[in-house]
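**Student:**
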Amino acid sequence: MSSDDEGREEYLFKIVVIGDSAVGKSNLLSRYARNEFSANSKATIGVEFQTQSMEIEGKEVKAQIWDTAGQERFRAVTSAYYRGAVGALVVYDITRRTTFESVGRWLDELKIHSDTTVARMLVGNKCDLENIRAVSVEEGKALAEEEGLFFVETSALDSTNVKTAFEMVILDIYNNVSRKQLNSDTYKDELTVNRVKVENWVNGENGETFTAMTAQFGTMLPSDKDKAVKLPVALTTPLDSCSNLTSKLSWSIALSVRGECAFTVKAQVAQAGGAAALVLINDKEELDEMVCGEKDTSLNVSIPILMITTSSGDALKKSIMQNKKVELLLYAPKSPIVDYAVVFLWLMSVGTVFVASVWSHVTSPKKNDEQYDELSPKKSSNVDATKGGAEEETLDISAVGAVIFVISASTFLVLLFFFMSSWFILILTIFFVIGGMQGMHNIIVTLITRRCSKCGQKNLKLPLLGNTSILSLVVLLFCFVVAILWFMNRKTSHAWAGQDIFGICMMINVLQVARLPNIRVATILLCCAFFYDIFWVFISPLIFKQSVMIAVARGSKDTGESIPMLLRIPRLSDPWGGYNMIGFGDILFPGLLICFIFRFDKENNKGVSNGYFPWLMFGYGLGLFLTYLGLYVMNGHGQPALLYLVPCTLGITVILGLVRKELRDLWNYGTQQPSAADVNPSPEA
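Here the sequence shown is numbered in UniProt numbering, starting from 1 and rising by one per residue.
This is the structure:
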């Protein structure tokens with residue numbers, strides 16, 4: 001398949017044509033699908049269907065149109081006939097009143113058997129037989145208005161409105177589907193197809209660019225700025241555009257307030273007044289969705305319709321009322337699915353895992369000199385002696401602990417989802433700052449004492465803390481100042497850099513303390529995390545109506561804050577901005593395994609050729625690459641990274657272990673019975 005075919009979106013909609021026998025359903029379908037009409041067509045037996053395609057907004061939309069018999073003896077096919085239908089044409093014969101009176105029964109049957117919202121149109125067929133009409137146009141319109149249907153009269157004989165009838169239903173289905181996608185987590189985080197950039201000039205001076213929202217009707221704006229045209233702006237008279245305009249708008253952008261009438265009325269009034277576009281000023285600092293109602297069956301708006309916020313609109317209106325020349329340039333740039341800044345996010349993630357893996361090996365002092373690390377007392381932990389003789393505070397994760405951890409993470413995620421608020425995020429941010437500050441402190445002190453072993457030997461006696469390394473205290477004060485500065489500026493556009501630094505420091509520190517003892521525990525932990533990630537991204541929308549993982553990652557809509565447990569970097573090629581993000585879990589879970597593998601390689605004197613560590617680093621990088629590839633293939637839908645990372649790390653470990661016949665050693669590593677000397681050490685030890 002060519003690249004053009006691969007990039008083209010397709011939709012397939014099922015539409016049913018219902019109504020009494022001999023109202024002309026089959027001829028309507030054949031006229032629309034094949035432009036044919038048969039004066040001697042026989043009654044349909046059972047069902048038949050035709051497939052017709054049309055292009056909407058660059059997407060191929062295929063309508064599978066089903067025609068069925070109207071006679072009662074064929075009603076056994078009812079359930080299968082309606083199943084999956086998203087559109088319906090209810091047809092009656094304008095020359096036979098009984099067929100019109102049956103419309104209510106057909107609508108009831110449609111409601112009973114259809115399992116979703118159906119775009120419905122009432123079709124009065126055979127309008128070419130005006131001389132023997134039994135149902136007036138007004139009666140058809142009244143029934144359609146009462147039932148909330150589109151309405152049109154057609155003639156399969158001379159093709160009158162046949163194409164219009166089918167395409168109006170198809171377009172309405174497409175708009176309904178598009179709106180559902182835009183309001184759900186299965187679509188992009190940003191509503192790029194509805195957002196418009198508005199550049200303005202006042203007396204030739206370029207002002208601030210602001211954002212507008214397009215209506216669900218009207219024409220599309222160019223996505224390329226170079227193809228947009230700068231046009232003058234004029235206030236409408238009346239200002240609400242609810243009645244015929246008295247102001248001249250020839251080839252100008254009409255600026256109107258929201259007012260009381262429908263959006264569609266404003267659009268038609270502005271278009272009739274000669275406007276090239278209509279910009280509505282909302283009555284609040286938000287952008288509302290502008291849709292057309294089901295009764296707007298004859299809506300024909302061929303100009304762009306936009307909405308801007310109160311503050312943006314008031315600024316434009318003020319300039320116009322001061323007799324200044326105001327011009328606007330309107331265009332709707334599209335966001336790339338994958339931004340090239342993910343390369344830097346990939347490097348940060350892989351780099352964090354690599355540094356955390358080799359950290360203890362690279363920074364371990366030649367002599368056991370840890371006097372600088374007395375700022376906080378050590379609590380219960382597993383204390384393992386390294387081969388170099390230095391003691392490190394570590395915590396081995398057990399199999400039970402791994403399961404409990406994933407269950408706790410799920411519980412916490414649900415709590416975040418339901419009780420997300422500014423104070424909740426504030427508490428998480430404070431914990432994040434404390435963890436990041438501790439990680440940064442440990443890293444800086446370790447690096448300094450690695451280069452200068454005597455730097456950490458000068459102590460200072462402090463109340464409550466006792467003897468404390470001066471170096472440790474100075475570094476702590478530095479980290480505290482940095483943390484406070486970041487916390488106070490965390491909502492600024494450049495706060496992501498500080499968040500990433502604190503996050504990386506915290507994760508490196510966590511991976512030094514928490515350790516996997518063997519592949520058995522790693523398998524339990526990573527398999528649980530694997531299903532955890534898939535469930536909360538892909539399956540949770542079936543229960544909670546949206547993806548819990550994605551909703552929590554976005555944060556609070558009210559405050560604009562998000563949880564800080566993410567590495568993020570700005571989307572550099574996205575005209576709408578935003579961030580590329582990766583959660584700490586996507587680094588820590590595989591990182592625990594990779595850190596264990598590095599220790600295993602070192603303690604078993606394995607090198608690059610026969611070791612596991614290089615392969616797992618490659619696998620982790622590959623897993624992240626596949627994550628972003630999945631993001632692209634699935635059109636920007638958020639991906640559970642562990643879906644790719646676990647097979648690319650744990651899977652590689654298991655395969656290599658089997659090939660090298662070392663899987664048993666990896667599986668049972670660290671579970672050997674200790675010797676008597678280890679259990680009862682001598683006084684000298």
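Glycine included, each C-beta is placed from N, C-alpha and C at the ideal position.
#1: With burial defined as no fewer than 16 other Cβ atoms inside 10 Å of the residue's Cβ, what is the status of cysteine 528: buried or exposed?
#2: Judging by CA-CA distance, which residue of Thr671, Asn668, Gly611 and Thr627 is the nearest neighbour of isoleucine 652?
#3: Go through its chain and collect everything with a Cβ distance to threonine 671's Cβ below 6 Å, but skip five positions before and after it.
#4: Going by beta carbon distance, what residues of the same chain come within less than 7 Å of alanine 677, once the five residues before and after it are set aside?
#5: Of all the options Pro564, Phe538, Gly313 and Ile524, which has the alpha carbon lying nearest to the alpha carbon of alanine 495?
#6: State the start and end residues of the unbroken beta strand (DSSP E) segment that holds phenylalanine 150.
#7: Can you tell me where the beta strand (DSSP E) with tyrosine 32 in it begins and where it stops?
#8: Counting pairs of beta carbons, one from the segment 91-100 and one from the segment 111-127, are three or more of them closer than 8 Å?
#9: Taking the C-alpha atoms as reference points, what is the distance between tyrosine 11 and isoleucine 430?
#10: Checking 8 Å against the spacing of the C-beta atoms, do alanine 267 and leucine 278 come in under that value?
#11: For leucine 526, collect the residues of the same chain with a Cβ closer than 7 Å to its Cβ; drop the 5 residues on either side in sequence, then sort them by chain order.
#12: Do glycine 623 and tyrosine 644 come within 8 Å of each other at the CB atom, strictly closer than that value?
#13: Is threonine 309 helix, strand or coil by DSSP?
#14: With distances taken from CA atoms, which of Phe584, Ala522, Leu626 and Lys545 is nearest residue 686?
#15: In terms of DSSP beta bridges, what is isoleucine 569 paired with?
#16: Can at least three beta-carbon pairs, one atom from the segment 202-221 and one from the segment 233-242, be found at a separation below 8 Å?
#17: Between glycine 435 and the rest of its own chain, which residues show a CB-CB distance below 6 Å, the 5 nearest in sequence each way excluded?
#18: Quick one: using the 10 Å Cβ neighbour count with 16 as the cut-off for buried, is histidine 361 buried or exposed?
#19: Only counting the same chain, and skipping five residues up and downstream in sequence, which positions put a Cβ closer than 7 Å to that of serine 252?
#20: If I measure Cβ to Cβ from valine 474 and keep anything under 7 Å in the same chain, skipping five residues before and after, which residues do I get?
#21: Label glutamate 72 either buried or exposed according to how many other C-beta atoms from any shown protein chain fall within 10 Å of its C-beta, with 16 as the threshold for buried.
#22: From the DSSP output, which residues share a beta bridge with glutamate 327?
#23: Would the C-beta of leucine 572 count as close to the ligand GTP, meaning under 7 Å from any of its heavy atoms?
#24: Based on Cα-Cα distance, which residue from Ser223, Met549 and Asp665 lies nearest to asparagine 604?
#25: Find the nearest neighbour of threonine 209 within the set Glu36, Glu60, Lys324 and Gly313, judged by alpha-carbon distance.
#26: Compute the beta-carbon to beta-carbon distance between leucine 316 and asparagine 131, rounded to the nearest angstrom, for a pair I have assumed lies under 8 Å.
#27: Checking 8 Å against the spacing of the C-beta atoms, do glutamate 167 and methionine 54 come in under that value?
#28: When you compare only the Cα positions, how much space is there between methionine 290 and phenylalanine 432?
#29: Might you give, ordered along the chain, the residues of its own chain that have their beta carbon closer than 8 Å to the beta carbon of arginine 97, omitting 5 neighbours on each side?
#30: On a CA-only basis, which of Leu110, Ala215, Ala551 and Ser453 is nearest leucine 306? Give me that one, please.
#31: So, helix, strand or coil for lysine 317, using DSSP?
#32: Whole angstroms is fine: what's the gap from tryptophan 615's alpha carbon to isoleucine 519's?
#33: Along the beta strand (DSSP E) that carries methionine 121, what are the first and last residues, could you check?
#34: When the Cα of valine 169 is compared with those of Pro336, Pro640 and Ala119, which residue comes out closest?
#35: I need the DSSP call for tryptophan 359, collapsed to helix, strand or coil.
#36: Among the candidates Tyr532, Phe618 and Met437, whose CA atom is the shortest distance from the CA of phenylalanine 487?
**Tutor:** Reading off the structure:
#1: buried
#2: Gly611
#3: none
#4: Because the pLDDT of alanine 677 is 41, which lies under 50, any placement of that residue in the model is unreliable, and the number read from its coordinates should be weighed accordingly. Same-chain partners within the cutoff: there are none.
#5: Pro564
#6: 150-153
#7: Here tyrosine 32 belongs to no beta strand (DSSP E); instead the alpha helix (DSSP H) covers 25-34.
#8: yes
#9: 47 Å
#10: yes
#11: Phe589, Leu593, Val646 and Leu650
#12: yes
#13: coil
#14: The question about residue 686 has no answer, for the chain in this structure spans 1 to 685.
#15: Asn580
#16: no
#17: Met506
#18: exposed
#19: Leu231, Pro232, Val233, Ala234, Ala275 and Ala276
#20: none
#21: Residue confidence is low: glutamate 72 scores 45 on pLDDT, short of 50, so the model does not pin down where it sits. Its coordinate-derived value is still stated next. Classification of glutamate 72: exposed, given that the 10 Å Cβ count is below 16.
#22: Trp201 and Pro232
#23: As presented, the structure is devoid of all ligands, the ligand GTP included, so that no description of it is given.
#24: Asp665
#25: Gly313
#26: Between asparagine 131 and leucine 316 the Cβ distance is about 56 Å, and since that is not below 8 Å, they are no contact.
#27: yes
#28: 41 Å
#29: Ala134 and Val135
#30: Ala215
#31: helix
#32: 15 Å
#33: 119-125
#34: Ala119
#35: helix
#36: Met437
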